[in-house]
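Numbering (numbering that gives the first Met the number 0), first residue to last: 0 to 404.
Using N, Cα and C, we set each Cβ at its ideal position, and we do this for glycine too.
Remember, it's a predicted structure, so these values are computed and weren't measured experimentally.
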Amino acid sequence: MHVRNRSASRRLMTIGAVLVTMLVVVAAGQGAGGFGETYKAKTSTLKKALFNAKLLPANKMARNISLAALGRSEKKVNLNLALKCWKNNGCSTGTGGKLKVAYVEGFGENVFRQMSKMEFILQALTYPQIGKIIYTSAHSNPAQALTDFRAAISQHVNVIVTYPDFGDAMLPVFKEATKAGIPVATYAWGYVTGPGKNYLTVVGEDTCRLGKAYAKVMNKYVKSGNIAFLGGFPGNPLSLGWQKCEKPALNPNIHVVATEATNWDPSKVQEVVSGILARYPDIKGWSYEYGLGMAQGGLAAYKAAGKPFNTVLTLRTDDVGMGCAYDRLKNKNLRVFYYTSGNPQIRVALTAGLMKLKGAKIPPQIVFPIQLQDQSKRDQCVKGYPEQASATSLIPLSLLHKMYP
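Structure representation (structure tokens):
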């Protein structure tokens, strides 16, 4: 009898220890999830967005936030409502949720930003507690960008997601929102001073490492000669991030002869590339973010100059149009290397903000590893996708066709 009681006591102690461990795990936000989230995404989802399911942030909480956010893309939402919301620059979700979330853009007039807008809307629709989605674009006007941000604060939104096109000029409104208790999260490595203090967090790849990855390609395939850097708006953190780190990592025989802003506008790209080619007709390589902009504007500039598109391109986005242009050219002297679009990063930014509202401790940086893809080995021209789109986006293909018929 005594032996049986001792055995039962041991079993109870074991069960109790397991329960305590489970409680500790849940309290720490580990395991199945926490703060209203499940830290899980299908391997197929991760491979689609990141090329490789292992290319997740190293920091444990950053990784969990990313898994929670990307996993939400697998939830069914009302795609007709999403399209209406996208076209109308915001909407009521119909859930009666008390939360309002805002995507405040400095510039939203190219395909990349419009796809990010849809990713934001789709992510917001996975949260029944969100009753209103707000979207604004300042159409490249810095003063309007500040005004729009302050308008979102005055509307008492609960979370703001943004890309700071104008860099630290946006800090005053970031601080105002933070003081008002509104989490502000940036994506596409929209780094401005003081993440974790002046605003909640910055999501994206380490752009310095991106620049070094670009340099590695140029060192291998260009070896020596002239190359040029293109960027978005003057002073934007994405362009500055990789440019400042690519240049010192280049071979001494490679010379950066031009660094020009394009505002991520294909027509501006054509104008800028034409000007550089006129001065330096022997350009051997171009580093830039916007693949579609280079496919449209850059290629047009080469055609206008009567020059074959014999060059090395290092690009951040994986736009279908760039891959299809490469396939049509059948030019063995054109080398294209690219990263992912980064559109799904906006989902991570929104989820981070919402988890903050529930008391989660959010890392000031949520950093994704970098792995450049070689167009000759991994084709961006994915069958069935509109050329304006990116195949690493998590927007359903049927919805993409409605966005870009």
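Checklist entry - Just checking my contact of V263 with N51 at CB under 8 angstroms: how many whole Å lie between their CB atoms? => result Taking the first residue of the sequence shown as 1, we reach residue 263 at position 264. Taking the first residue of the sequence shown as 1, we reach residue 51 at position 52. The identity of residue 263 in the sequence shown is Trp, whereas the question assumes Val. About 26 angstroms separates the two Cβ atoms, so there is no contact after all.
Checklist entry - Three or more C-beta pairs closer than 8 angstroms, one from the region 92-107 and one from the region 56-69: is that the case here? => result No, the region 92-107 is not in contact with the region 56-69.
Checklist entry - Under the rule that 16 or more other beta-carbon atoms within 10 Å means buried, what is T391, buried or exposed? => result Working through the sequence shown from its first residue, we reach residue 391 at position 392. Buried, since its Cβ has 16 or more Cβ neighbours within 10 Å.
Checklist entry - Based on the DSSP output, what are the partners of Y134 in its beta bridges? => result Taking the first residue of the sequence shown as position 1, residue 134 is located at position 135. Within the DSSP bridge table, the entry for Y134 names Y102 as partners.
Next on the checklist: Quick check on C380: does DSSP put it in helix, strand or coil?
Outcome noted: Working through the sequence shown from its first residue, we reach residue 380 at position 381. Of the three classes helix, strand and coil, the one that applies to C380 here is coil, per DSSP.
Checklist entry - Secondary structure at E108, three-state DSSP: helix, strand or coil? => result For the purposes of this step, residue 108 is identified with residue 109 of the sequence shown, where counting begins at 1. Note: E108 maps to coil in three-state DSSP.
Item to check | Test item: CB-CB of I159 and A179 under 8 angstroms | outcome: Translated into the one-based positions of the sequence shown, residue 159 becomes position 160. Translated into the one-based positions of the sequence shown, residue 179 becomes position 180. In this structure, I159 sits away from A179, with a CB-CB distance that is not shorter than 8 angstroms.
Item to check | Cut-off 7 angstroms between Cβ atoms - residues of its own chain near T261, not counting five sequence neighbours on either side | outcome: Reading the sequence shown from its first residue, position 262 is the one you call residue 261. Listed in chain order, the non-local C-beta contacts of T261 below 7 angstroms within the same chain comprise L229, G230, G231, K267, V268, V271, G292, local neighbours out to five positions each way being set aside.
Item to check | Bridge partner(s) assigned by DSSP for I226 | outcome: In the sequence shown, residue 226 corresponds to position 227, counting from 1. Looking at the DSSP assignment, I226 forms a beta bridge with V255, G284.
Item to check | Burial state of N309, where buried means 16 or more other Cβ atoms lie within 10 Å | outcome: Residue 309 sits at position 310 when you count from the first residue of the sequence shown. So N309 counts as exposed.
Checklist entry - Just checking my contact of V256 with Y279 at CB under 8 angstroms: how many whole Å lie between their CB atoms? => result Locating residue 256 in the sequence shown gives position 257, counting from the first residue. Locating residue 279 in the sequence shown gives position 280, counting from the first residue. Between V256 and Y279 a beta carbon distance of about 5 angstroms is seen, short of the 8 angstroms cut, so the two are scored as contacting.
Checklist entry - the ligand SAH heavy atoms versus the CB of K53: any closer than 7 angstroms? => result You won't find the ligand SAH in this model; it holds no ligand whatsoever.
Item to check | Assigned exposure category for N375 - 16 Cβ within 10 Å defines buried | outcome: Here residue 375 corresponds to residue number 376 of the sequence shown, with the count starting at 1. Per the sequence shown, residue 375 should be read as Ser rather than Asn. Counting the other CB atoms within 10 Å of its CB gives S375 a total below 16, which places it among the exposed residues.
Checklist entry - Tell me, which residues are paired with C90 by DSSP? => result Along the sequence shown, read from residue 1 onward, the residue named residue 90 stands at position 91. In the DSSP assignment, C90 is bridged to I132.
Next on the checklist: What does the alpha-carbon distance come out to for the pair A388 and K355?
Outcome noted: In the sequence shown, the residue the question calls residue 388 occupies position 389. In the sequence shown, the residue the question calls residue 355 occupies position 356. Distance between A388 and K355, taken at the CA atoms: about 31 angstroms.
Checklist entry - First and last residue of the beta strand (DSSP E) that includes A184? => result Here the question's residue 184 lines up with position 185 in the sequence shown. Segment 183-185, the beta strand (DSSP E) holding A184.
Checklist entry - My guess is that Q370 and Y337 are in contact by the Cβ rule of under 8 angstroms, so how many angstroms apart are they, rounded? => result Within the sequence shown, the letter at position 371 stands for residue 370. Within the sequence shown, the letter at position 338 stands for residue 337. With 8 angstroms as the limit, Q370 and Y337 do not qualify as a contact, their Cβ atoms being about 10 angstroms apart.
Next on the checklist: Using 8 angstroms as the threshold, is the C-beta distance between A351 and I361 below it?
Outcome noted: If you number the sequence shown from 1, residue 351 lands on position 352. If you number the sequence shown from 1, residue 361 lands on position 362. It is a contact, given that the beta carbons lie within the stated cut-off.
Checklist entry - What does a CB cutoff of less than 8 angstroms around A57 pick up in its chain, not counting 5 residues either side in sequence? => result Translated into positions along the sequence shown, residue 57 becomes position 58. V366, P368.
Item to check | Cβ-Cβ separation, G166 to G234 (assumed contact under 8 angstroms), whole Å | outcome: Residue numbering aside, residue 234 sits at position 235 when the sequence shown is read from its first letter. Residue numbering aside, residue 166 sits at position 167 when the sequence shown is read from its first letter. Taking a contact as a CB-CB distance under 8 angstroms, the pair G234 and G166 counts as one, their CB atoms being some 5 angstroms apart.
Item to check | Among S139, H138, Y134, D164, the one whose alpha carbon lies nearest that of A150 | outcome: On the sequence shown, residue 150 is found 151 positions in, with the first residue counted as 1. Looking at S139, H138, Y134, D164, the one whose alpha-carbon comes closest to that of A150 is Y134.
Item to check | Expected contact under 8 angstroms - CB spacing of V335 and V221 to nearest Å | outcome: Looking up residue 335 in the sequence shown gives position 336. Looking up residue 221 in the sequence shown gives position 222. Wrong, their Cβ atoms sit about 13 angstroms apart, outside the cutoff.
Next on the checklist: Starting from F173, trace the alpha helix (DSSP H) in both directions and tell me its first and last residue.
Outcome noted: By one-based count along the sequence shown, residue 173 stands at place 174. That run of the alpha helix (DSSP H) goes 170-178.
Checklist entry - Roughly how many angstroms lie between the CA atoms of W285 and G93, to the nearest whole one? => result Position 286 of the sequence shown holds residue 285. Position 94 of the sequence shown holds residue 93. Annotation: W285 to G93 spans about 47 angstroms, alpha carbon to alpha carbon.
Checklist entry - What does F336 pair with, by DSSP beta-bridge criteria? => result By one-based count along the sequence shown, residue 336 stands at place 337. In the DSSP output, where bridge partners are listed per residue, F336 has T313, D373.
Checklist entry - Within 10 angstroms of its Cβ, does T161 collect 16 or more other Cβ (buried), or is it exposed? => result If you number the sequence shown from 1, residue 161 lands on position 162. When all chains shown are included, T161 counts as buried.
Checklist entry - What did DSSP end up calling G203 once you bin it into helix, strand or coil? => result Numbered from 1 along the sequence shown, position 204 holds the residue referred to as residue 203. Here G203 carries a strand assignment [DSSP, helix/strand/coil].
Checklist entry - Can you tell me whether P251 is buried or exposed, with buried defined as 16 or more other CB within 10 angstroms of its CB? => result For this step, residue 251 is matched to residue 252 along the sequence shown. Result: exposed.
Checklist entry - By the 10 Å Cβ neighbour count, where 16 or more other Cβ atoms means buried, how is G290 classified, buried or exposed? => result The residue labelled residue 290 in the question sits at position 291 within the sequence shown. Buried is the call here.
Next on the checklist: In the DSSP output, which residue or residues are listed as bridge partners for A260?
Outcome noted: Locating residue 260 in the sequence shown gives position 261, counting from the first residue. Under the DSSP definition of a beta bridge, A260 partners with G230.
Checklist entry - Do you know how far the Cα of K46 is from the Cα of G95? => result Mapped onto the sequence shown, residue 95 falls at position 96. Mapped onto the sequence shown, residue 46 falls at position 47. C-alpha of G95 to C-alpha of K46: approximately 34 angstroms in a straight line.
Item to check | Of the listed residues D317, P307, K382, nearest to K329 (C-alpha basis) | outcome: The count along the sequence shown starts at 1 and reaches residue 329 at position 330. Taking K329 as reference, the option from D317, P307, K382 with the minimal CA-CA separation is P307.
Item to check | As assigned by DSSP and simplified to three states, the class of T192 | outcome: Numbered from 1 along the sequence shown, position 193 holds the residue referred to as residue 192. In this structure, T192 counts as coil in the three-state DSSP scheme.
Item to check | Residue range of the unbroken beta strand (DSSP E) whose run includes T161 | outcome: As a working note, residue 161 is residue 162 in the sequence shown. T161: member of the beta strand (DSSP E) spanning 158-162, first to last residue.
Next on the checklist: I need the straight-line Cα distance from G274 to L170, nearest angstrom please.
Outcome noted: In the sequence shown, the residue the question calls residue 274 occupies position 275. In the sequence shown, the residue the question calls residue 170 occupies position 171. If you draw a straight line from the Cα of G274 to the Cα of L170, it comes to about 34 angstroms.
Next on the checklist: Let me see if you follow: with CB-CB separation under 8 angstroms, is A40 close to chain B or not?
Outcome noted: In the structure shown, chain B cannot be found, because there is only a single protein chain.
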